[in-house]
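Note sheet for the following structure.
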Amino acid sequence: MKEDDIVLEGADIHKSFQTGAETLHVLKGVDIRISRGEMVSVVGASGVGKSTLLHILGALDRPTKGKVRLNSTDVFALSDKKLAYFRNKTIGFVFQFHHLLPEFSALENVMMPRLIAGEERNSIKEEAKHLLSEVGLADRANHKPGELSGGEQQRVAVARALINRPQIVIADEPSGNLDPSTAQELHDLISELNRKKGCTFIIATHNQLLAQRAHRIITLAHGKAMPS
Ligand SMILES: Nc1ncnc2c1ncn2[C@@H]1O[C@H](COP(=O)(O)OP(=O)(O)OP(=O)(O)O)[C@@H](O)[C@H]1O
Ligand SMILES: [Mg+2]
Numbered sequence: 522m523k524e525d526d527i528v529l530e531g532a533d534i535h536k537s538f539q540t541g542a543e544t545l546h547v548l549k550g551v552d553i554r555i556s557r558g559e560m561v562s563v564v565g566a567s568g569v570g571k572s573t574l575l576h577i578l579g580a581l582d583r584p585t586k587g588k589v590r591l592n593s594t595d596v597f598a599l600s601d602k603k604l605a606y607f608r609n610k611t612i613g614f615v616f617q618f619h620h621l622l623p624e625f626s627a628l629e630n631v632m633m634p635r636l637i638a639g640e641e642r643n644s645i646k647e648e649a650k651h652l653l654s655e656v657g658l659a660d661r662a663n664h665k666p667g668e669l670s671g672g673e674q675q676r677v678a679v680a681r682a683l684i685n686r687p688q689i690v691i692a693d694e695p696s697g698n699l700d701p702s703t704a705q706e707l708h709d710l711i712s713e714l715n716r717k718k719g720c721t722f723i724i725a726t727h728n729q730l731l732a733q734r735a736h737r738i739i740t741l742a743h744g745k746a747m748p749s
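If you read the sequence shown in our numbering, its first letter stands for residue 522, the second for the next number, and so on.
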């Protein structure tokens, strides 16, 4: 693994949660490196800290200790404002529940990260349409999320995650809410985006079929990450 191929690096990540008098030490020194073009899955028992780790790697939450570098930028050294901009530009997120905006069409939801960044509607429309067709939803562009199936909603969420051409897509249980055959279609889509477009993915999942599609599986246990 060449140093300059590393997209995302977490070094000695610790995370504790304080609830009342109790301290819960969830992550106890996690080291993780993801190379450009890799698809990596993170597995481990429920409550072990997979979502906590992904939130930190995605700069949505700060670690108690440790560093996250994305494209060599020390993300937590940025001001909150710069960090929000940097995160929007460089990371795509897909969660178990799609978090699409119900009032907006599929196409507008895909465009949203760039609309938020202040870009002109017309300049992003074609790219958003192209992404929707890549996820197999060219004919659903004007549907609102409530008019789409669960699988289709997740595909819109994937297209939205890609609209800023992110350096990495962070997915937390992306197929956790789908029936087995719809889940498999989503897994096919993720694998294809990785293989054909070179999209880099880190995916936390309980789904063995999805985990096994990755180049590498990292197991979280007792606050540490280990290769499987
Ligand atoms: N904001 C918080 N405050 C207090 N405790 C928290 C907080 N967030 C998570 N935890 C605790 O940290 C631990 C790890 O949670 P996390 O959601 O990362 O687990 P997970 O591996 O993603 O589990 P699952 O497979 O069920 O999604 C859990 O014991 C959880 O209760
Ligand atoms: Mg989780």
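Quick reminder that beta carbons are idealized off the backbone N, C-alpha and C, glycines included.
Out of LYS717, LEU574, VAL615, ARG734, state which residue places its alpha-carbon closest to the alpha-carbon of ARG676.
With respect to the C-alpha of ARG676, the residue from LYS717, LEU574, VAL615, ARG734 having the closest C-alpha is VAL615.
Among the residues of its own chain, which have a CB less than 6 Å from the CB of SER572, if the five just before and after it don't count?
Closer than 6 Å at Cβ, skipping near neighbours: ASP693.
If you drop the 5 nearest sequence neighbours on each side, which residues of the same chain put their C-beta closer than 6 Å to that of ILE645?
Once the five neighbours on either side are set aside, the close Cβ partners of ILE645 are MET632, ARG635.
Do ASP595 and ligand 2 come close, with the Cβ less than 7 Å from some heavy atom?
No, the Cβ of ASP595 stays beyond 7 Å of every heavy atom of ligand 2.
Under 7 Å from any heavy atom of ligand 2, by CB: list those residues in chain order, please.
After applying the 7 Å Cβ criterion, the set is LYS571, SER572, ASP693, GLU694, ALA725.
In chain order, which continuous runs of the beta strand (DSSP E) of length 3 or greater are located wholly inside the region 628–707?
For the beta strand (DSSP E) assignment, the uninterrupted runs of no fewer than 3 residues enclosed by the region 628–707 are, from N- to C-terminal side, 689–693.
If distances are taken between C-alpha atoms only, which option among HIS664, LEU658, ALA678 comes closest to LEU621?
Closest by alpha carbon: ALA678.
Is PHE538 close to ligand 1? I mean its beta-carbon at under 7 Å from any heavy atom of the ligand.
Yes, Cβ of PHE538 sits closer than 7 Å to a heavy atom of ligand 1.
Use the C-beta contact count for MET560: other C-beta atoms within 10 angstroms, 16 or more gives buried, fewer gives exposed.
When all chains shown are included, MET560 counts as buried.
Looking at the structure shown, is VAL596 part of a helix, part of a strand, or coil, going by DSSP?
VAL596 falls in the helix class under three-state DSSP.
To the nearest whole angstrom, what separates the beta carbons of SER626 and ALA662, a pair I think is in contact under 8 Å?
Sure, about 7 Å apart at Cβ, within 8 Å.
Compute the minimum distance between the beta carbon of VAL569 and the heavy atoms of ligand 1, and state whether it is under 7 Å.
True, at least one ligand heavy atom lies under 7 Å from that Cβ.
Nearest to SER600 by alpha carbon, out of ALA580, ASN592, THR740?
Nearest C-alpha to SER600: ALA580.
Straight-line Cα distance separating GLU648 from ARG737:
As the crow flies, the alpha-carbon of ARG737 is around 31 Å from that of GLU648.
ASP709 - DSSP class collapsed to helix/strand/coil:
DSSP places ASP709 in helix when its eight states are reduced to three.
By how many angstroms is the C-alpha of ILE711 removed from the C-alpha of LEU683?
The straight-line gap separating the alpha-carbon atoms of LEU683 and ILE711 is approximately 11 Å.
For ALA566, which residues of its own chain have a beta-carbon under 8 Å away from its beta-carbon, when the five flanking residues on both sides are left out?
The residues are ALA742.
DSSP on PHE614, reduced to helix/strand/coil?
The DSSP-derived three-state label of PHE614 is strand.
How about ARG681 and ASN630: are their beta carbons less than 8 Å apart?
Yes, the Cβ-Cβ distance between ARG681 and ASN630 is below 8 Å.
As a quick exercise: from ASN643, LYS665, GLY719, SER696, pick the residue whose alpha carbon is nearest that of VAL528.
Ranking ASN643, LYS665, GLY719, SER696 by Cα distance to VAL528 puts GLY719 first.
How close, in whole Å, do the beta carbons of ASN698 and GLY671 come, if the pair is a contact with beta carbons under 8 Å?
At roughly 6 Å, the Cβ-Cβ gap stays under 8 Å, so ASN698 and GLY671 are in contact.
For the alpha helix (DSSP H) that contains LEU575, what are its first and last residues?
It spans 571–578 - the alpha helix (DSSP H) in which LEU575 sits, taken as one unbroken run.
Spatial neighbours of ASN728 within its chain, please: C-beta separation below 7 Å, excluding the five flanking residues on both sides.
Correct list, in chain order: SER696, ALA704.
Could you tell me the boundaries of the beta strand (DSSP E) in which LEU545 lies?
Counting along the chain, the beta strand (DSSP E) containing LEU545 begins and ends at 543–556.
Below 8 Å between beta carbons: does that hold for ASN609 and ILE637?
Yes.
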